[in-house]
Each structure stands twice: as structure tokens, then as C-alpha cells.
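If you read the sequences in order, they're chains L and U. To convert, note that position 457 of the first sequence is 457 in full-length UniProt numbering; the numbers rise steadily by one, no gaps. To convert, note that position 193 of the second sequence is 193 in full-length UniProt numbering; the numbers rise steadily by one, no gaps.
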Amino acid sequence: MKRRDFIHLSGLGLGALMTPGVMAMGNPVSAERLIEPGIDVAAKKLLADTALNAAKAKGATYSDVRIGRYLSQSIFTREKNVQNISNTETFGVGIRVIASGTWGFSATSDVTPDGIKKCAETAVAIAKANSKLQKEPVVLAPEKGHGEVTWNTPIKKNAMAVPVKEKIDLMLAANNAALDNGAAFVNSAMFMINEQKYFASTDGSYIDQDVHRMWPNLTVTAVNKESGGFRSRQGLSTPMGMGYEYMDGTASEKIPNAAGFNSYRYSYDMVEDAITAAKQAKEKITAKSVLPGKYDLVLDPDHLGLTIHESIGHPLELDRVLGYEANYAGTSFATLDKWKSGNFKYGSDIVNVIADKTQPYSLGNMGYDDEGVKCKEWDLIKNGVLVNYQAIRDQVGILGENESHGCSFADNWSSVQFQRMANVSLKPGTEKMTPMDMIKNVEKGIYILGRGSFSIDQQRYNFQFGGTVFYEIKNGEIVGMLEDVAYQSNTQEFWNSCSAICDKDDYRFMGTFFDGKGQPSQSSAVSHGSSTTRFDGVNVINTARSI
Amino acid sequence: MAILTKEEAKKYIDKALSYAKADETEVSISGGRTGNIRYARNTVSTSGESNEIRLSVTSVFGKRIGSSSINELDDASLQKAVERSEEIAKLAPENPEYMPMLGQQTYPDSATFSPSTDKIDPDYRAQLAIDSIEPCSAAGLVAAGYLEDFSGFSASGNSKGQFLYNTSTSVDFSVTVRTEDGTGSGYAIRDFNDVSLLNSKDVTTVAMQKAQASKGAQAIEPGKYTVILEPTAAGDLLRLMFGGFDARNADEGRSYMSKKGGGTRLGEKLFDERVTIISDPANTVIPMTPWDGDGMPRQKTVWVENGVVKNLAYSRYWAEKKGVPPLSRPGGGGFGGFGGGGYIFSGGDQSVADMIKSTERGVLVTRFWYIRAVDPQTLLYTGLTRDGTFYIEDGKIKFPLKNFRFNESPIIMLNNIEAMGKPQRVGGSLIPPMKIRDFTFSSLSDAV
Numbered sequence: 001m002k003r004r005d006f007i008h009l010s011g012l013g014l015g016a017l018m019t020p021g022v023m024a025m026g027n028p029v030s031a032e033r034l035i036e037p038g039i040d041v042a043a044k045k046l047l048a049d050t051a052l053n054a055a056k057a058k059g060a061t062y063s064d065v066r067i068g069r070y071l072s073q074s075i076f077t078r079e080k081n082v083q084n085i086s087n088t089e090t091f092g093v094g095i096r097v098i099a100s101g102t103w104g105f106s107a108t109s110d111v112t113p114d115g116i117k118k119c120a121e122t123a124v125a126i127a128k129a130n131s132k133l134q135k136e137p138v139v140l141a142p143e144k145g146h147g148e149v150t151w152n153t154p155i156k157k158n159a160m161a162v163p164v165k166e167k168i169d170l171m172l173a174a175n176n177a178a179l180d181n182g183a184a185f186v187n188s189a190m191f192m193i194n195e196q197k198y199f200a201s202t203d204g205s206y207i208d209q210d211v212h213r214m215w216p217n218l219t220v221t222a223v224n225k226e227s228g229g230f231r232s233r234q235g236l237s238t239p240m241g242m243g244y245e246y247m248d249g250t251a252s253e254k255i256p257n258a259a260g261f262n263s264y265r266y267s268y269d270m271v272e273d274a275i276t277a278a279k280q281a282k283e284k285i286t287a288k289s290v291l292p293g294k295y296d297l298v299l300d301p302d303h304l305g306l307t308i309h310e311s312i313g314h315p316l317e318l319d320r321v322l323g324y325e326a327n328y329a330g331t332s333f334a335t336l337d338k339w340k341s342g343n344f345k346y347g348s349d350i351v352n353v354i355a356d357k358t359q360p361y362s363l364g365n366m367g368y369d370d371e372g373v374k375c376k377e378w379d380l381i382k383n384g385v386l387v388n389y390q391a392i393r394d395q396v397g398i399l400g401e402n403e404s405h406g407c408s409f410a411d412n413w414s415s416v417q418f419q420r421m422a423n424v425s426l427k428p429g430t431e432k433m434t435p436m437d438m439i440k441n442v443e444k445g446i447y448i449l450g451r452g453s454f455s456i457d458q459q460r461y462n463f464q465f466g467g468t469v470f471y472e473i474k475n476g477e478i479v480g481m482l483e484d485v486a487y488q489s490n491t492q493e494f495w496n497s498c499s500a501i502c503d504k505d506d507y508r509f510m511g512t513f514f515d516g517k518g519q520p521s522q523s524s525a526v527s528h529g530s531s532t533t534r535f536d537g538v539n540v541i542n543t544a545r546s547i
Numbered sequence: 001m002a003i004l005t006k007e008e009a010k011k012y013i014d015k016a017l018s019y020a021k022a023d024e025t026e027v028s029i030s031g032g033r034t035g036n037i038r039y040a041r042n043t044v045s046t047s048g049e050s051n052e053i054r055l056s057v058t059s060v061f062g063k064r065i066g067s068s069s070i071n072e073l074d075d076a077s078l079q080k081a082v083e084r085s086e087e088i089a090k091l092a093p094e095n096p097e098y099m100p101m102l103g104q105q106t107y108p109d110s111a112t113f114s115p116s117t118d119k120i121d122p123d124y125r126a127q128l129a130i131d132s133i134e135p136c137s138a139a140g141l142v143a144a145g146y147l148e149d150f151s152g153f154s155a156s157g158n159s160k161g162q163f164l165y166n167t168s169t170s171v172d173f174s175v176t177v178r179t180e181d182g183t184g185s186g187y188a189i190r191d192f193n194d195v196s197l198l199n200s201k202d203v204t205t206v207a208m209q210k211a212q213a214s215k216g217a218q219a220i221e222p223g224k225y226t227v228i229l230e231p232t233a234a235g236d237l238l239r240l241m242f243g244g245f246d247a248r249n250a251d252e253g254r255s256y257m258s259k260k261g262g263g264t265r266l267g268e269k270l271f272d273e274r275v276t277i278i279s280d281p282a283n284t285v286i287p288m289t290p291w292d293g294d295g296m297p298r299q300k301t302v303w304v305e306n307g308v309v310k311n312l313a314y315s316r317y318w319a320e321k322k323g324v325p326p327l328s329r330p331g332g333g334g335f336g337g338f339g340g341g342g343y344i345f346s347g348g349d350q351s352v353a354d355m356i357k358s359t360e361r362g363v364l365v366t367r368f369w370y371i372r373a374v375d376p377q378t379l380l381y382t383g384l385t386r387d388g389t390f391y392i393e394d395g396k397i398k399f400p401l402k403n404f405r406f407n408e409s410p411i412i413m414l415n416n417i418e419a420m421g422k423p424q425r426v427g428g429s430l431i432p433p434m435k436i437r438d439f440t441f442s443s444l445s446d447a448v
């Protein structure tokens, strides 16, 4: 699903006031259709070979084909009503070739030998036409064929197989719990994705993957009509590379945070969170407005993930560094000369950041990318020093490497694959430390949980982040809730102010379905792992205004 | 066959409706050609074209709604789509807010289609890219740009006798030009229904001039400044305020249009008295589809007059509940009508040059970037200037400025107007250049 379709569908981008519409991606189908099998793998191999042979016959020196069946289910509720249920399916083929040293791409929903042959021929024709404008031929990092392999997201319960009624009952129970605890309005939603992706290339790979993702979502609003005040508190769930087991509310996956309520790791308790959200939404209306100034920030993983995404994930995408995104998302401050120097201090010594496509339960968890490269983990920042970027087969040579990082993806069979962000995660601290231990050492600080407003410049220097809930820390203790908090900093300055990181027991993911990039824009799902982390002396502004 | 004629579309719709057994049925068909070309580093990176046609069926039993869609238009597929939609509807939970379908209405004329845009082909797109890249290469500058064009139709008919048909075209072109050393960057963007109005060379020239002029930017202290917002920059912020013109959110107390003590701010003077905002389906510079998402005819609407809020949008459900006529927002500008397109702002008679001349100390802004809501209650937004920010002193542009982060509300902005110019089409709306006092820049950015 593209982000703009999602916004149309949910209205989530509009102050979280949901206005369900029609799912723009895929054709609406029945819920039963979502658990029917697609065409079998032997048939896919035959179709894939048709594409590869047709491209070769027309002069392609390389080709890959993706046969994709994309299924989604989304359910929206508001207070005591179901607003919309949408089940969609889309099925088609994308074929990419190199001919005359140039990329060409074509896609079709006509998944027949004839349709695929024509599509492959179009891709070659486009490559040859575009070669007139090409300055240097495309050079791919080598990738050995993997033969016939499969990979599946390790799920326990296929969310598509769980009856819609069970999902609605859970959401309405959460809504009722919020209303019973003082909420004026509550919206809840569930989004479930199953991507059945088949990839084949002239390198000799035939890769069949079954990818599942799950995202429950909650927005609870409290209103004080007398004062004209209203505040919303988002749920503390996050999209995960999991099945419906994420909704089990397993006790062992509840992580008590330093503000006295539960955060969630690999399992979400929607009803419990709805109750907490209702109480906190009310509390937020009358909470103390923050005094602007310098504070030590203690950032929960569900908040910090977005900061990592914007200030580390994006600037270390090599295509941005090179200028391919200049007209849209922008370029990057993390230029090649900084990397080549070998001593660019991105962060303090304790900052170690990895990119990966392999962490279980993460959104990025995959077996292979859309170029047939086996997914892996690599270092981006080691002991605070910038050591690498995220790059794909036609770019990694620029870094002197001869193996792609395996992070090339397309958001649909009809879109062309390009470099997308891997999971970019901050490694936990090596010494035992809980968020409570961390706060004990903070004299003047703010503890921030959940995602809020986020904005960063086009080269990823200057950013401003809000959050969902804020707590004032005085002399090692939380003394109450704050409102109107946003912090501003510069990427390098901020990461160099990182002074403590909790250990692996506090490590959790924050994720998004909608990492947007490219023109036409494509969405990608990505997670960011971290433990609660402390940053010293960060500039906090007060965002209250009167109109 | 991407664009069906009115008669062809009606034939398919009527055929599908003939299979329907539900209480109410709506059949819509839309399709068209979308093309694009993208370039960066002075070379084309991707280009493509796709043709799509889709028929969608919505079936209603009581208040249970189902839908299905197909890409094939043979009789068997039409029948299957109707049957599937009806099966889904029967299993759906009731939607208590469902409003019955409308019969035929009287619709305004449409001017959304342009034959010249319909004729765009891959050669046109390639030439546009070459015309944009070549002058940049020759001047030692680096261009990155994107063109997207659309030509298509939409039609819809229902079991109550409503039938709608419209054709439309659009073209969106943007270009970022950077100096080779990365110390200067400029930008320009245009959108039209009629591509013959687009001169990509002129648009690129604007971006080139800004790239060269923005080299060697200097820092000044953040704070409150008088700003001159070019129409693109003004539009970036103003389009964000229309989500609040929704009566239901205002009535529910969760909008900046909510009144203290309950009710809405309809009738209150919220803006400077020079602010008048209307939407008008008869305006040919920003033509719009003659009907809204509910099949209601679009009508000329005064949203703000001399600073006073005159109208809020009512969905059919909320209008019935409140006993008022329904009124939709104008739509356009993408995001299913949420993009903020279709609004016409009153302007003034000053040019940007006049505004600069009368400014003792101020900042000229080309565009804003990465704008995000900070507080929905006050409509406070944050974001940054980008691709051409300049310092004005004693009526002249003195030097290029490092970019700023702002924290500002369009509501506050529209109370601090110093001057306005002639409105121009920006993102499907007509927006004037504006001179605004006390605009809040909160920090500096090193980004170019």
C-alpha cells in the first residue's frame, strides 16, 4: 500500500482522525480469498523462465522477474462502530533487464506466458531507448545464483486466517475500555499484509518468499469542551514482522517502563494500552507546559526508533548521498569524503549502529532482497565512527565492495526495485542497566515515550521531534507529566551527546509501514531496534501557542 | 482504450447494474494513462507509462456495504464482480453512518480535460528532460527533476438513476538544480491541467538562478522575521489549514475550529480582514471534477470572507444529524481531496519585487520542506526553508541565507499579513505571494 492511499484510507495523517474510504491498492476481495493459495511454485518457475528467456532473446545481458501476489486486510473502528473492512489482492509481474548497458523495467497484470513475454520485450525496448541518455553502463556486483530456495516470515498465527469477528471484538473491547476510562473518542485499526513474492534472475536464483506483517493501531482522544482543550494519545503498538500472535498480550513481553506503565516488545495488549491511553489523554490536557531549555533526554525505544530512522537511516542511503533523490527526499550530509576519512565521529564512542534485514520479528526481516541477494547484517557506525552506507548491486562498487548489502526492494510487482532502508538499529549497552537505573542519574531531564511530530532537513542535519507522552525528571526521579515538548538538535551533535544505553533486556522495535522514497513514491516497511538511551543537554522548545 | 467515451462507460455501467440484486448498487469505472520521467545527476534515471482501467461495484443491503473491483470488462467478469460485491456486503457489519445513494443531480460544466496533455508521449517526456538538463550541464549545474502526466476519465452510475462522466488531465513538473560543489540549490514547481502552459525551460531557469544565487549562504540569528513567501512557500503552509474546516471535528471539540465551551467558530473572525477564501467549480485556472466523493454537485462556496469563517464542510451523515445542507470541501491537489487543492485565496496588487522594496529587514522564502503538525489544537507546524532563502535589507536582497527551521501556525500567519500579491496556481489552488510579519524561525540548518 502506498502512503497516500493509506492516508486516503485511514486519515491517519490528518491528526489521527480516521475517515475510512476505499483501499486504492489492489482489488477488493472476500476475507476467504486471503487464505486461498496462489499459483504453485512450479508454475511460477515456468513463467519466470519465460520472462528470462524472452529478455535474453531480445538482447538483455541480465534480467530478473518478480511474480508477486500482495494481500492486505484492514479494519477500522470508531467508538462502538465498525467503519470499514477492506480485503484486497493484487497479482502481477515486474520484469527488469539490462540491455545496452542500461536498465529497463516493465510490469503487467497479464500473468500468462504471452503476457509475460510481451512484458519482457517491452522492458528490453525501454532499456535500449534509454541507453541513448546513459552516460556509463550499469555494472552489477556479482551474486551467485541460489537455486530454488524458499523463505517465510516466522509467524505462529496467519493473521489472514483469524476470523474478522475476532479482530473486531478485540478492537471494540479496546474502544470500550478507553471510553469507560474517560476517552471522548477512540479509533482503532488493524492492518495485515501478506506478500507472496517469487523472484528469479539470470544468475540462477529461484526464490519463493512468504512475508507477513501486522500493525494494530489506536488513537484515544480526550476533550475538555469548557476549556476548548483536546489531546490525543497514540497506542504504543508498532508494526511488526509477525502474525496475529502479536495481539496475544503475552505477559512476558510487557516491559515495565520508568513511568510506571507497560511498554510492549513482541506482543501487544490492546485493551490494557487503551485504558492507559484514555487516562493519559485526559492527564495531558492539564499537564504542566514545559519550560524551554537544555535537558537530558531519556528516550524510550518506541520513540527513539523514529529519530534513528530520520537521522541515521536516511542519511546513510548511498543513492541519496550520490544525488539520485535530490529533487524529492534530498541528499545527505554524510558525504563520501566523511566516510573515506575513516574518522568521522557520527556519535559518541558507545554509539554502534547496524543495518540488517535479518532480525526476527522486524519488518525488514527477509531471506533475500528483490535483486536475489541473501539478506545480512553489516555495520554502519562503529564506536561512534561512520564506517559504511546502505547500497545495492549497481552502487556497492563505489564503496570498493564486491557484494551487495541486499537492500533493494520494490513496494509492489508493478514498481521497480531500488535501494531501500534496511532495519537500522542502535546496539544495546553492554552493561546491565534498566530505564529506572538510567533515570536515577539524571538531574534535569525529560523521559519521552511514543512517536510524535517529526521533521528533518533535506540533508539530515537539523531535526525536531515531539513524542506521545513526556515526563519531567528532577534529581533522579520522575515528578510528573509534561506537555508541549519538542526537542531540536543537529544529527552529529545529538549522537555525540549520547551518554548511556540500556542493556539488551530493554531492546525493542519501533517500525513503520510507510518509509517513503522515490518518484513516483514507493513505501517500504522498516523497523528500528534500540534500548532506552540517554542524550545530554538537548535543546527543548515549548510548542504551546494561543490562537 | 484507456479513455472510454461517455456512451461506452454508460454501456458497461448499465450492464453491470442489470446484474444487481442488492437494495442499492453503484458501479464506477475509471481509467487512463499515467506517464513519468525522472532524472538526476543530469541524466534520466527512470521513465515509464502505464494504462489502467478499473470497474468497481458497491452493493448495499440495508446498511451493510460491500465492494469489489475488476480490470476486465466482459459480461462474465461484470456479473462476477457484482455477485462478489453482494456476497461481501451480506457478510459485512452494519455501518450506522451509511447514507442512501443519490439520484441524478444537476452538475456544473467541467474544464478538467486538455487535449494537449492527452497527447503527451515518451518523446515529449524525453525532450522535456533534455531541455531541463542541457542548460544545467552547460552552466556547470546539476539537475534533478520529475514530470508526471495523467490523462483519463471517471464515470459512475447507480441504481437510483445517477450517472456521472468526466475526463481530466494533469501535469506536475518539479526541478531541483544544485551547484556542482553542493553549496547552492534552487527549486521550481508547476502544475497544470493543460501542458501547453508548461514551459520546462523557463521553470528550470528559475531553479538555476536560485541555485547560483544561493551559493555562499550566511547565517543570521533565528527569531521572528518579516517573511516574503513566494506562492509555493505560502501554499505549502496554507493548504494545511483546510482539514480543520470540517464541521464534525469542530462540533466534537477536536479541531482548531472548536469553540471554547462547545460548538464551532463558524461566524467568528479568525483571520486578517483581507483574507477571503472561496472555492469555485467554474474557475478555469484550477478546474475541478464537477462532483464530490458522494456524487454531490460541487458548488461555489465562500469559506472565509473578510477574515470571518463563513462555512464548514458537512458530510451527508453529519449534515442530516445537524439539520443542515451537506457541503463538501473542493478537493483536488491529491490525497483524495485532502491535498488542499481547489481553494482560491484573495490576493493583493503587490508583486514580490514590490514587497522586497518595502521591506527594511526580512527573509525571502522559495519553499518549505518536511512540514509536520506539532499541535492540532493551534495548528502549529514545523518544517524548514529549502532551495533558495535570501536576506532582505533596506528594500534589497543582500545575501543568501542558511536555511531555517520554523514553528508557525497558518492561523497566526493569516493574522500577520503585511501585503499580498496576485494569486498563482500552486498544487491545484490559487495562492498569492505573501508578506507576513513576525514569522517564527526557531533554529538554523546547515542543509543546502
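Every residue, glycine too, gets a C-beta built ideally from N, C-alpha and C. These figures come from a predicted structure and were not determined experimentally.
Rounded Cβ spacing between residue i and residue j (contact assumed at less than 8 angstroms)
| i | j | result |
| --- | --- | --- |
| N407/U | T389/U | Wrong, their Cβ atoms sit about 16 angstroms apart, outside the cutoff. |
| K450/L | T468/L | Inspection of the sequence shows that residue 450/L is occupied by Gly rather than by Lys. The Cβ separation is near 2 angstroms, so the contact holds. |
| P287/U | N166/U | With 8 angstroms as the limit, P287/U and N166/U do not qualify as a contact, their Cβ atoms being about 10 angstroms apart. |
| A277/L | R233/L | 4 angstroms |
| E268/U | V227/U | Not confirmed; about 26 angstroms, so no contact. |
| G68/L | W413/L | 3 angstroms |
| G243/L | N158/L | 6 angstroms |
Per DSSP, cross-strand counterpart(s) of residue i
| i | result |
| --- | --- |
| M214/L | M192/L and M240/L |
| S429/U | V426/U |
| E477/L | K474/L |
| Q390/L | E317/L |
| R96/L | D64/L and F105/L |
| C498/L | F535/L |
| L71/L | E89/L and N194/L |
Reduced DSSP secondary structure (H/G/I, E/B, other) of residue i
| i | result |
| --- | --- |
| Y264/L | strand |
| C136/U | helix |
| A259/L | coil |
| Q419/L | strand |
| I448/L | strand |
| V127/U | Note that residue 127/U is Gln in the sequence shown here, rather than Val. Helix. |
| E83/U | helix |
| residue 449/U | Shown here, chain U extends from 1 to 448; a query on residue 449/U therefore has no answer. |
If contact means a Cβ-Cβ distance below 9 angstroms, which residues of the region 21–51 of chain U contact chain L? T34, N36, R38, Y39, A40, R41, N42, T43, V44, S45, T46, S47, G48 and S50
Does the pairing of the region 452–460 of chain L with the region 324–337 of chain L give three or more beta-carbon distances under 8 angstroms? yes
Please confirm if the region 477–496 of chain L is in contact with the region 347–359 of chain L, defined as three or more CB-CB distances below 8 angstroms between the two stretches. yes
Three or more C-beta pairs closer than 8 angstroms, one from the region 168–178 of chain U and one from the region 350–361 of chain U: is that the case here? no
Under 8 angstroms: do the region 100–114 of chain U and the region 100–119 of chain L share three or more Cβ pairs, one atom per stretch? no
When you compare the region 208–227 of chain L with the region 183–191 of chain L, are there three or more beta-carbon pairs, one atom per stretch, that lie closer than 8 angstroms? yes
Spell out a yes or no on whether the region 366–377 of chain L and the region 430–446 of chain L are touching, meaning 3 or more CB-CB pairs, one atom from each, closer than 8 angstroms. no
When Cβ atoms are compared, which residues of the region 356–369 of chain U fall closer than 8 angstroms to chain L? W369
Report the residues of the region 118–136 of chain L with a CB closer than 8 angstroms to any CB of chain U, ordered along the chain. I126, A129, N130, L133, Q134 and K135
Can you pull out the residues from the region 449–462 of chain L whose beta carbon lies closer than 9 angstroms to at least one beta carbon of chain U? G452, S453, F454, S455, I456, D457, Q458, Q459, R460, Y461 and N462
Indicate whether the contact test is met: 3 or more Cβ pairs, each with one atom in the region 526–536 of chain L and one in the region 499–511 of chain L, closer than 8 angstroms. yes
Does the region 1–13 of chain U come close enough to the region 529–539 of chain L to have 3 or more Cβ pairs within less than 8 angstroms? no
With three or more beta-carbon pairs closer than 8 angstroms as the criterion, would you say the region 41–55 of chain L touches the region 378–392 of chain L? no
Taking a cut of 9 angstroms between CB atoms, which residues from the region 225–248 of chain L lie near chain U? K225, E226, S227, G228, G229, F230, R231 and S232
Using 8 angstroms as the cut-off, can you tell me whether the region 311–331 of chain U makes contact with the region 128–142 of chain U, which would need three or more C-beta pairs spanning the two stretches below that distance? no
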